[in-house]
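Notes to accompany the following structure.
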Amino acid sequence: HLNFTQQTTQTHSLLVEMSGSNPSTTGGPTASTPTAVPTTTSATSSTSSASATSATRAATERLLMVRSVDFLKSKDGQNRRDHHTDAYFSDKLIVRRGQTFQMWIEFSRPFNPKSDNLQLQLKLEPIFSSNPGIRISVPLVDVLEDGRWEMKIVEQKDNRVRLSVNTLPTASIGRYKVTVACFSTRFKLLFPCTPNDVYMLFNPWCEDDPVYLDNEAERKEYVLNSMGRIYYGTEQQIGGRTWNFAQFEQDVLEACLFLLERGQVALTEWRDPVIVSRMISALVNSNDDRGVLMGNWSDSFEGGTSPTAWSGSGDILRQYYKSSGKSVKFAQCWVYAGVTTSVLRCLGIPTRCVTNFSSAHDTDLSLTTDIYLDEKLELIKDETSDSVWNFHVWNESWMTRPDLPPGNGGWQVVDATPQESSQGSYRCGPTPVSAVRNGQVDLKFDTPFVFAEVNSDRIYWQKKSDGSVSQVHVEKNSIGQRISTKAVGSDARVDITHLYKYPEGSEEERIAVERASRFGSKPTVYPQPTENDVTVEIVMDGAGPRIGEDAKLSIVLTNKSSKQRTASLLYEVMVMYYTGVLKDTVKKDRIPVDLKPQETKTIPWTLQYKEYINHLVDQGALMLTVTGRVNQTKQILATQFNFRLRTPHLILTPLEDAVVDKELTVKITFQNPLSQDLKNVLFRMEGLGMQTVRMIEHGDVKKFATVTLMEKFVPTVSGSQKLLATMDCRQLTQVHGFTDIVVKPK
């Protein structure tokens with residue numbers, strides 16, 4: 001029996017002696033423990049040396065040895081096209097599970113199916129941790145069957161065979177090392193294919209994969225589209241910004257797999273999109289696991305990048321990966337959501353960004369948003385711990401939920417913004433959107449918290465001098481407004497509020513709210529309704545005020561009774577972070593009101609530029625609170641209205657047709673709307689096939705001045721693309737713009 005190690009110009013092979021009979025006739029070989037033996041031995045005489053050489057040559061000629069392996073991994077080849085992975089920058093073989101891929105093997109002699117046998121040995125093992133690996137043997141068969149690890153020969157040419165390899169639709173995703181095992185007579189020859197590893201991803205095109213999505217347009221949008229829109233602002237002033245998810249860019253796939261390893265979850269769990277998405281929601285924030293992004297909701301971003309300055313995920317993920325897991329500074333909700341979309345799309349899970357306007361943050365598990373007033377109807381700031389964010393951005397991912405009752409598959413909320421701890425870690429989801437809609441807050445994961453974000457009632461409580469608390473007003477339709485996501489195939493905004501709740505005030509919606517509240521910390525919160533005949537609301541005309549101008553709103557009161565009503569209204573306008581955290585009171589006053597029977601009265605309300613300019617925080621958000629008591633009936637009037645001061649856009653204008661490998665000049669213009677200078681202005685640009693973000697340090701911009709930049713680009717890929725730009729400046733945030741560019745081939 002001959003044991004030796006052979007090396008060719010392309011391969012390193014290990015030969016091992018087999019015990020027992022020919023494996024090709026026993027239905028599957030089992031190797032003895034491999035042992036490598038030196039390639040040469042000392043000869044005791046010229047005769048014995050010649051005899052050994054002759055025996056070695058004869059044995060070598062009988063062996064089936066691998067000369068080379070071709071994984072057909074080129075980006076424009078059949079494998080990458082069939083698996084919808086041709087857009088990835090990596091030159092590795094990237095496949096989707098539950099689908100066959102092709103490969104060629106060249107042997108030292110023709111393959112003989114009667115005496116030879118083959119096997120692929122796959123090994124999924126961590127690169128950066130001690131997590132136990134997974135080993136898979138893929139046998140050679142005559143007929144492929146779905147749902148099995150198998151391979152068959154589909155073509156044979158001289159010493160070469162082409163294999164079709166079938167993978168499980170429930171296989172763990174990740175990077176697999178591949179070894180070819182050849183069996184002939186009593187020997188097993190192992191051919192490690194390193195560094196030609198195989199990357200396996202989730203497969204939304206495979207019906208047996210839990211992430212299967214049956215609409216091709218939606219698969220292109222939620223898996224393959226690298227550009228998206230993220231919405232922000234207020235429900236009446238919805239702004240949108242373009243985001244470069246960059247899921248196919250250089251090092252992003254490697255960064256995503258590196259991130260999975262940081263999750264300390266068994267590799268066998270990497271097959272389950274429920275577990276993977278929940279793990280990613282924890283790992284994208286850095287609160288308790290040294291994840292990707294460090295949050296910052298203050299107005300100082302020294303030592304990092306302002307959240308409003310980011311316009312894509314690529315630089316963030318590359319920075320995290322190349323620093324071996326050092327958290328990137330800084331993020332707020334839309335950055336967390338953008339990066340989460342990038343990671344999950346990169347791994348093959350259909351995912352989209354979703355924005356909820358007037359998004360409640362329930363801190364006491366009451367499933368209501370509680371606001372406390374004193375006897376003078378002024379807000380008790382220290383006791384009002386629940387907050388309402390102007391907007392909050394999270395993700396939805398598409399998957400089945402076999403762990404829940406039927407009907408809860410489909411879109412699941414996944415939220416990486418660290419708001420509340422879930423099972424000991426800052427994470428949220430996956431939460432079935434259908435369970436939120438029906439008030440089924442007993443279903444996992446984190447359904448009570450998401451329900452409160454979109455459908456809690458805003459309840460006003462009055463605290464008396466003796467410490468007693470009574471409910472004085474309920475707003476049933478102010479939380480969870482105009483829930484938005486990008487349309488499939490266009491940049492339009494789509495309202496998906498109906499997926500999260502029934503129409504406000506409908507019997508179905510009230511049943512869902514009351515069903516959910518029974519699981520909360522205040523299960524008896526809903527008293528019998530009382531008669532109310534005066535209403536108050538705050539109205540804004542058009543798109544609302546711009547930063548640098550006076551803010552003008554209207555307070556509208558309606559007397560529905562046949563009698564006169566009088567009241568004294570207290571209004572207070574406060575500067576607020578978009579999360580609902582209040583900073584300063586800007587203006588506060590009282591307004592006497594006299595309403596005739598059946599009268600509707602509109603009271604103009606103005607906040608001057610000079611009154612607010614020195615109070616503004618990031619994103620220029622304000623909240624106007626109006627409270628009062630009707631003298632005749634003692635009815636409590638209360639409402640809140642969030643609004644923002646709109647910022648200007650960056651205008652991007654290509655100055656000539658875009659052609660591959662030809663220089664293109666793009667003009668970027670911006671006008672400072674403020675009567676003060678902007679300091680240390682930085683512009684960031686990405687897209688158009690660039691693999692990195694271009695940064696332009698512009699310096700200061702004078703008050704009311706117009707900036708014009710001329711930037712040159714050389715497109716490398718033809719087709720429809722986007723070029724994004726953002727401005728990073730402490731005094732003025734959320735300034736960005738984009739342009740669509742069609743790049744022509746040479």
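Per the UniProt record's numbering, the very first residue in the sequence shown carries number 1; after that it's consecutive. Even for Gly, the Cβ is constructed at its ideal location relative to N, Cα and C. Remember, predicted model here, so these are calculated numbers, not experimental data.
Span of the beta strand (DSSP E) holding Val239? In the sequence as presented, Val is not what sits at residue 239; that position holds Gly. Looking at the DSSP string, the run of the beta strand (DSSP E) that includes Gly239 is Gln237 to Asn244.
So Tyr231 packs on Thr363, CB below 8 Å; how close in whole Å? Actually they do not touch by this definition, with Cβ atoms about 25 Å apart.
Taking the continuous beta strand (DSSP E) assigned at Asp700, which residues delimit it? Arg694 to Val701
I want to know whether the stretch 451 to 463 touches the stretch 342 to 362 - three or more CB-CB distances under 8 Å. yes
Do Ile349 and Pro204 have their beta-carbon atoms positioned less than 9 Å apart in this structure? yes
Using the Cβ count rule (16 or more neighbours within 10 Å means buried), how would you classify Leu655? exposed
When you compare each of Ala512, Ser568, Ser506 and Gly505 to Val536 by their alpha carbons, which one comes out closest? Ser568
Who does Ile636 pair with in a DSSP beta bridge? Arg629
Proximity of Phe704 and Glu663 at Cβ, strictly below 9 Å: no
Three or more C-beta pairs closer than 8 Å, one from the stretch 106 to 126 and one from the stretch 158 to 174: is that the case here? yes
Residue interval of the beta strand (DSSP E) (run including Met151): Glu150 to Lys157
Contact check, Val66 vs Cys182 under 8 Å by CB: the rounded distance? 6 Å
My guess is that Gly429 and Asp457 are in contact by the Cβ rule of under 8 Å, so how many angstroms apart are they, rounded? About 23 Å; that fails the 8 Å criterion.
Between Tyr460 and Gly628, what straight-line distance do the alpha-carbon atoms span, to the nearest angstrom? 12 Å
Taking buried to mean at least 16 other C-beta atoms within 10 Å of its own C-beta, is Thr167 buried or exposed? buried
Report the rounded CA-to-CA distance for Lys563 versus Leu595, giving the unit in angstroms. 9 Å
Leu595 bridges to which residues according to DSSP? Arg565
Minimum length 4: unbroken alpha helix (DSSP H) runs contained in the stretch 270 to 303: 273 to 283
What residues in its chain sit with their C-beta under 6 Å from that of Ile547, if we drop five residues either side in the sequence? Gly620, Leu645, Thr647 and Pro673
My assumption, with CB atoms under 8 Å, is that Tyr502 sits in contact with Ala512. Please give the rounded CB distance. 7 Å
Cα-Cα, which of Val414, Val626 and Glu249 is closest to Leu377? Val626
Do you know how far the Cα of Gly338 is from the Cα of Leu732? 22 Å
Touching or not, the stretch 405 to 422 and the stretch 471 to 484, by the rule of three or more beta carbon pairs under 8 Å? no
Tell me the DSSP secondary structure of Arg730 in three-state form. coil
Start and end residues, alpha helix (DSSP H) containing Asn532: Neither: Asn532 is in no alpha helix (DSSP H) and is coded neither H nor E.
Is Leu72 helix, strand or coil when you go by DSSP? coil
Compare the Cα-Cα distances from Gln734 to each of Val335, Ser281, Trp389 and Arg510 and report the closest residue. Val335
Less than 9 Å between the beta carbons of Lys722 and Val659, yes or no? no
On the DSSP bridge assignment, give the partners of Lys463 in chain order. Val469
Quick check on this structure: which residue in Thr341, Cys193 and Cys346 has the alpha carbon closest to the alpha carbon of Glu254? Cys346
Quick check on this structure: which residue in His615, Val328, Tyr176 and Thr639 has the alpha carbon closest to the alpha carbon of Leu624? Thr639
Is Pro34 helix, strand or coil when you go by DSSP? Note that Pro34 scores a pLDDT of 34, beneath 50, so its modelled location is shaky; the value from the coordinates is reported in the next line. In the structure shown, Pro34 sits in coil (DSSP, three-state: anything other than H, G, I, E or B).
Asn3 to Arg219 span [Cα, whole Å]: Unreliable placement is indicated for Asn3, whose pLDDT of 32 sits below 50; the coordinate value is still reported in the next sentence. Taking the straight line from one Cα to the other gives about 51 Å.
Residue ranges of each beta strand (DSSP E) within the UniProt domain "Transglutaminase-like" (325 to 418), 3 or longer: 328 to 331, 351 to 361, 369 to 373, 387 to 399 and 410 to 414
Proximal residues to Ser46 (C-beta, below 7 Å), its chain only, five neighbours per side dropped: No answer about Ser46 holds up, because its pLDDT of 48 lies below 50 and its placement is not dependable.
Which two residues bound the contiguous beta strand (DSSP E) that contains Arg493? Arg493 to Asp495
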